[in-house]
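Novice: Quick one: the structure is below, and I'll ask about it shortly.
Residue numbers (this note's numbering): 10 to 330.
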């Protein structure tokens, strides 16, 4: 499938080790205006610093979060987050099966297993038509996401970048747009007030980790080396349309028939599939890591909580009565 292409060029490449800790994109052809975004390397934290916080990892298709952000989901949940995996489409158009219905069921079962392996509390399915989500009303998707953000008390979202360049899949871009608008609307008591009548409160994510297949402004690099084995384990669960499937075992058997072998693939099918997934299907993580002086990494455009001048001034200057 087209979305399984792992791009290794473009603005998302970010800095080489030793370069200044910022990214700049010039506006226009040779213009002098630049957008500067400080770069942060996010590493594993000890203890449970995020205890009590909730994240929603939102994907249009069952292979998106495991490929592009699986390590970050594992890291944040390990640090105390409660996680939910939300899949927007019905995944009816990708994978092997005897019929569309068969493919939908297989992908749903795979996704439930992926969610468990990522440590998520629950996998949620919104079941929009695969490859045709852009024909569906954005306002309906937004309303459903606002409800989920409020009822689950979501603090952080991980999703495709609504500003990512050269995105060709409509499901990716429409999911990103719906999430982006739902985040701030969920915090407004004027939007969907019937939710408040039902006992919910205005609550929306303040932190966003946006990933992209193509160029984007990268300001957050997450070191996923401690979680790579678990990320591989999660991706292997996506057998119907995942990035590797049984390709490692197939390659190992093909080479054996030719009287050859790759030591990398080990001596059994499971070892072959894990090695293939790590070294080939998820090679993007190795490339991204090397670009930032790390072994393995996932990259994002991160948007954190805005602190007003008033809040900043109070935090620095307030004294006891």
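Using N, Cα and C, we set each Cβ at its ideal position, and we do this for glycine too.
Given the structure is predicted, the values throughout are model-derived calculations rather than measurements.
Select from 121, 95 and 79 the residue whose C-alpha is nearest the C-alpha of residue 65.
Specialist: Cα-wise, what sits closest to residue 65 is 95.
Novice: Just the Cα atoms here: how many angstroms apart are residue 98 and residue 59?
Specialist: Those two C-alpha atoms are separated by around 29 Å.
Novice: Among residues of its own chain, excluding the 5 on either side of residue 90, which ones have a beta-carbon nearer than 6 Å to its beta-carbon?
Specialist: Here the set comprises 59, 62 and 64.
Novice: Under 8 Å: do the region 233-242 and the region 300-307 share three or more Cβ pairs, one atom per stretch?
Specialist: A contact exists between the region 233-242 and the region 300-307.
Novice: State the Cα-Cα distance for the pair residue 178 and residue 68, rounded to the nearest angstrom.
Specialist: For residue 178 and residue 68, the distance between alpha carbons rounds to 12 Å.
Novice: Between the Cα of residue 183 and the Cα atoms of 119, 156, 137 and 163, which residue gives the shortest distance?
Specialist: Measuring from the Cα of residue 183, the nearest candidate turns out to be 137.
Novice: Does the beta-carbon of residue 250 have 16 or more other beta-carbons within 10 angstroms, so that it is buried, or is it exposed?
Specialist: That one is buried.
Novice: Among residues of its own chain, excluding the 5 on either side of residue 126, which ones have a beta-carbon nearer than 8 Å to its beta-carbon?
Specialist: If we look at residue 126 and ignore the five residues flanking it on each side, its Cβ neighbours are 239, 242, 243 and 246.
Novice: In the structure shown, what three-state DSSP assignment does residue 87 receive?
Specialist: Residue 87: helix per DSSP, three-state reduction.
Novice: Using CA atoms only, rank isn't needed, just tell me which of 80, 156, 56 and 72 is closest to residue 218.
Specialist: Out of 80, 156, 56 and 72, 80 has the C-alpha closest to the C-alpha of residue 218.
Novice: Grouping DSSP H, G and I as helix and E and B as strand, with all else coil, what is residue 124?
Specialist: Helix at residue 124.
Novice: Given a threshold of 16 other Cβ atoms within 10 Å of its Cβ, counted over all protein chains shown, does residue 144 qualify as buried or as exposed?
Specialist: Counting Cβ neighbours within 10 Å, residue 144 comes out exposed, since fewer than 16 surround it.
Novice: Relative to the alpha-carbon of residue 175, which residue among 309, 223, 229 and 256 has its alpha-carbon at the smallest distance?
Specialist: Measuring from the Cα of residue 175, the nearest candidate turns out to be 223.
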